[in-house]
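Written below as structure tokens is the structure these notes are about.
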Ligand SMILES: Cc1cc2nc3c(=O)[nH]c(=O)nc-3n(C[C@H](O)[C@H](O)[C@H](O)COP(=O)(O)OP(=O)(O)OC[C@H]3O[C@@H](n4cnc5c(N)ncnc54)[C@H](O)[C@@H]3O)c2cc1C
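In full-length UniProt numbering, the protein residues as written are 1 to 266.
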């Protein structure tokens, strides 16, 4: 099986500092990590490779520093990695990001077609959960989102059966391969990297692909290809402090009615 995993570099949310003057994220003080959902996606891909044979390829779009998340994925057991890097990619929204990743996947898989693509459920910085479905739509393959468990995979008959999370429970879904999965963290427990993989990851240099390499249309990239724009960033004003009514039942209810009545009269 050839399994692709999309991994994103994100700021470590546990270390995030907000600049009190500008109310924006102070990126300079924040270490970058692999998006936590994407570590679970790599783990699941490596487990399938160990079971059925094949290869795991990771792809990331980002600055040169994002090579770190590819090296981390190699340490987790992935086989090779590509970094999509070009100044034309800067300012891409989710539509443009999914286009760039789609072109990257097509380029990387031109000789070795993929069976499965894994994405995290969402990135912990952008938080939109749109990129995975965007890639699936562009590739015209089924998308299985919020995957909690892979129940069965049959590479020969090209079938997959998964359990996906719903607001009020779960559902079991089957699909044909190739398809794209976006995964929840509970899909697996992360394993420790072996020493061999850690050393491989430390030495690994991902292949870098530019807009020309992936034969991307310029109008689809960066700000040109991004129909959304950020109008304003602000911290929501703090809520007014609530009021606690104390005493026996009658006085609490009377106090509340009086308050509501007063509000209505205002
Ligand atoms: C107008 C606008 C301008 C923006 N400009 C910039 C900018 O200049 N620089 C910038 O860094 N961000 C920018 N962003 C944010 C950027 O668009 C998003 O971070 C990006 O599209 C991914 O969306 P998300 O974080 O919501 O990912 P989600 O859709 O929540 O991610 C889901 C999954 O998709 C995959 N994925 C997502 N992004 C990547 C990636 N880059 N590489 C590999 N896999 C990925 C991962 O598997 C991830 O778990 C901009 C956003 C907007 C709206």
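Think of the CB as a built atom: it goes at the ideal place given N, C-alpha and C, for glycine as much as any other residue. Note that the structure is a prediction, hence the values are computed from the model and not measured.
Ignore the nearest five residues each way along the sequence and tell me which others in residue i's own chain have a CB closer than 7 Å to its CB.
i: residue 125; result: 10 and 11
i: residue 245; result: 252, 255 and 256
i: residue 170; result: 148, 163 and 164
i: residue 37; result: 120, 121, 122, 183 and 185
How many angstroms separate the CA atom of residue i from the CA atom of residue j?
i: residue 99; j: residue 181; result: 17 Å
i: residue 165; j: residue 150; result: 12 Å
i: residue 160; j: residue 34; result: 27 Å
i: residue 75; j: residue 54; result: 17 Å
i: residue 291; j: residue 114; result: Summary: the structure shown does not reach residue 291, with the chain confined to residues 1 through 266, and so no result is reported for it.
i: residue 95; j: residue 47; result: 30 Å
i: residue 262; j: residue 237; result: 25 Å
i: residue 204; j: residue 77; result: 12 Å
i: residue 157; j: residue 1; result: 12 Å
i: residue 111; j: residue 197; result: 26 Å
i: residue 222; j: residue 66; result: 17 Å
i: residue 208; j: residue 243; result: 58 Å
i: residue 233; j: residue 139; result: 33 Å
Could you tell me the boundaries of the alpha helix (DSSP H) in which residue i lies?
i: residue 32; result: Careful: residue 32 lies outside any alpha helix (DSSP H), inside the beta strand (DSSP E) at 32-34.
i: residue 90; result: Premise fails: residue 90 is in no alpha helix (DSSP H) and is neither H nor E.
i: residue 262; result: 249-265
i: residue 17; result: Neither: residue 17 is in no alpha helix (DSSP H) and is coded neither H nor E.
i: residue 71; result: 67-75
Return yes when the Cβ of residue j is within less than 7 Å of the Cβ of residue i, no when it is not.
i: residue 80; j: residue 187; result: no
i: residue 39; j: residue 195; result: no
i: residue 104; j: residue 59; result: yes
i: residue 155; j: residue 89; result: no
i: residue 42; j: residue 16; result: no
i: residue 93; j: residue 210; result: no
i: residue 134; j: residue 119; result: no
i: residue 136; j: residue 8; result: no
Taking its Cβ as the centre, do 16 or more other Cβ atoms sit within 10 Å of residue i, making it buried, or is it exposed?
i: residue 121; result: buried
i: residue 97; result: buried
i: residue 206; result: buried
i: residue 152; result: exposed
i: residue 264; result: exposed
i: residue 83; result: buried
i: residue 240; result: exposed
Please list, in chain order, all residues of the same chain as residue i whose beta carbon is under 8 Å from its beta carbon, the five residues on each side excluded.
i: residue 144; result: 160, 162, 164, 173, 175, 179, 180, 181 and 182
i: residue 85; result: 61, 62, 63, 64, 66, 208, 209 and 210
Return the first residue and the last residue of the beta strand (DSSP E) that residue i is part of.
i: residue 169; result: 169-176
i: residue 59; result: 55-61
i: residue 146; result: 143-154
Please return the same chain residues whose Cβ sits closer than 6 Å to the Cβ of residue i, not counting the five positions on each side in sequence.
i: residue 116; result: 3
i: residue 49; result: 56
i: residue 214; result: 103, 104 and 107
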